[in-house]
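Chemist: In our numbering, the protein residues as written are 377 to 706.
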Ligand code: GH3
Ligand code: MG
């Protein structure tokens with residue numbers, strides 16, 4: 377699956393949600409019903425609660441948005457004709473601010489709203505009033521199934537199966553997001569590239585199954601040493617890995633790299649060790665050049681004999697960093 381712009385922002389939103397919620401609390405079936413008519417809200421709340429959903433209600437688009445800013449909701453079921461903020465505008469705002477939420481529109485004025493306009497605004501289905509509760513339940517079930525499949529696809533498209541780390545495809549997206557964020561917020565950003573030394577020999581000696589296990593072990597070491605929800609670790613090639621380290625100058629990220637190197641060495645996987653290149657971002661550097669600079673440092677680590685960390689000490693400039701925590705007076 378190719379991550380187009382929409383699914384890329386959905387992926388990022390989902391990831392934030394997954395990272396902020398402890399395991400098991402994901403995907404509570406929570407619906408926000410938005411309708412200006414109290415009897416409709418009451419009827420839907422009662423029926424959907426009986427269907428097993430946790431139901432919140434709002435009487436217009438503005439109130440709906442303020443609920444969404446405070447509560448976690450999977451689906452919005454909204455009327456279209458409402459005062460203050462109508463349904464179509466609400467759908468557009470929700471799609472922009474909460475791309476992971478599914479929306480079903482409902483209206484008694486189906487002649488005023490074309491199915492295509494409602495779908496183009498971002499809703500995934502449309503229900504005519506007066507509605508049939510069974511139809512609503514069936515549509516909610518279908519939307520939930522599609523969401524679950526979409527989440528599985530997004531998860532698979534971001535992860536490397538063997539190590540459980542993120543993959544190269546997601547690296548390419550994430551590095552650009554992190555570069556933008558560092559620049560906007562004026563804090564440093566480092567990149568680590570790692571490659572296992574003498575890995576071919578390890579494969580040849582112990583076989584591919586053990587070879588795979590060594591990759592998985594390195595994956596665990598990376599995940600165990602990086603800051604959760606801040607740093608991100610990726611498998612970017614056969615025996616090549618990357619770690620994006622926000623809010624860290626080259627000095628801190630080199631210490632992290634050294635910690636990774638010694639942890640891997642302590643795992644004693646045959647004669648294998650790891651070499652790591654480290655570099656720091658500065659505005660004006662594009663993602664490709666940031667990668668290449670780090671890769672050049674990794675190459676130096678390899679050519680100096682491997683099992684070492686080499687930081688790019690020449691090509692960076694910290695003068696752009698404005699976040700006070702990282703401004704040094706030395
Ligand atoms: P160097 O010390 O210079 O890094 O060389 P190396 O022996 O580590 O080998 P190199 O990095 O040049 O090549 C990586 C090897 O990794 C080649 C390939 O057979 C092996 N490999 C790539 N993907 C996998 C995988 O998924 N499983 C296993 N078991 N081996 C893999
Ligand atoms: Mg290698």
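We put the beta carbon where it would ideally sit given N, CA and C, even for glycine.
By how many angstroms is the C-alpha of residue 458 removed from the C-alpha of residue 548?
Modeler: In a straight line, the C-alpha of residue 548 is about 42 Å away from that of residue 458.
Chemist: What does a CB cutoff of less than 7 Å around residue 648 pick up in its chain, not counting 5 residues either side in sequence?
Modeler: The answer, listed in chain order, is 572, 573, 574, 575, 578 and 590.
Chemist: Quick one: what does DSSP say residue 637 is sitting in, helix, strand or coil?
Modeler: Here residue 637 sits in helix by DSSP.
Chemist: Within the chosen definition, does the region 624–635 reach the region 677–691 through at least 3 CB pairs nearer than 8 Å?
Modeler: Judged by Cβ distances under 8 Å, the region 624–635 makes contact with the region 677–691, as three or more pairs qualify.
Chemist: What does the alpha-carbon distance come out to for the pair residue 505 and residue 513?
Modeler: Whole-angstrom Cα-Cα distance: 14 Å.
Chemist: Exposed or buried, what is residue 490 when buried is set at 16 or more other beta-carbons lying within 10 Å of its beta-carbon?
Modeler: Exposed, by the Cβ-count rule.
Chemist: Can you tell which of 478, 554 and 583 has its C-alpha closest to the C-alpha of residue 710?
Modeler: Within the shown structure, residues of the chain are numbered from 377 to 706, placing residue 710 beyond reach of any answer.
Chemist: Under 5 Å, CB to any heavy atom of the ligand MG. Which residues pass, going along the chain?
Modeler: Result (chain order): 571, 572, 575 and 615.
Chemist: Can the beta-carbon of residue 466 be found closer than 8 Å to that of residue 410?
Modeler: The answer is yes: Cβ separation under 8 Å.
Chemist: CB of residue 579 to nearest heavy atom of the ligand GH3: below 7 Å?
Modeler: The answer is yes for residue 579.
Chemist: What do you reckon, are the CB atoms on residue 663 and residue 622 nearer than 8 Å?
Modeler: Not in contact: residue 663 and residue 622 (Cβ atoms no closer than 8 Å).
Chemist: Taking all protein chains shown into account, decide if residue 399 is buried (16 or more other Cβ within 10 angstroms of its Cβ) or exposed.
Modeler: In this predicted model, residue 399 has a pLDDT of only 47, less than 50, meaning its place in the structure is not dependable; the value taken from the coordinates is given anyway. Flag for residue 399 reads exposed.
Chemist: Smallest Cα separation from residue 583: which of 645, 680 and 434?
Modeler: Looking at the Cα atoms, 645 is the closest of the given residues.
Chemist: State the DSSP-derived secondary structure class of residue 563, mapped to helix, strand or coil.
Modeler: Residue 563 falls in the coil class under three-state DSSP.
Chemist: In chain order, what residues of the same chain have a beta carbon less than 6 Å from the beta carbon of residue 659, not counting five sequence neighbours either side?
Modeler: 559 and 696.
Chemist: Identify, in the order they occur along the chain, each residue of the same chain with its Cβ nearer than 7 Å to the Cβ of residue 462, setting aside the five sequence neighbours on each side.
Modeler: Hits under 7 Å: 437 and 456.
Chemist: How many angstroms separate the CA atom of residue 652 from the CA atom of residue 563?
Modeler: Approximately 23 Å between the Cα atoms of the pair.
Chemist: According to DSSP, which residues form a beta bridge with residue 700?
Modeler: For residue 700, which the question treats as bridged, DSSP gives no partner whatsoever.
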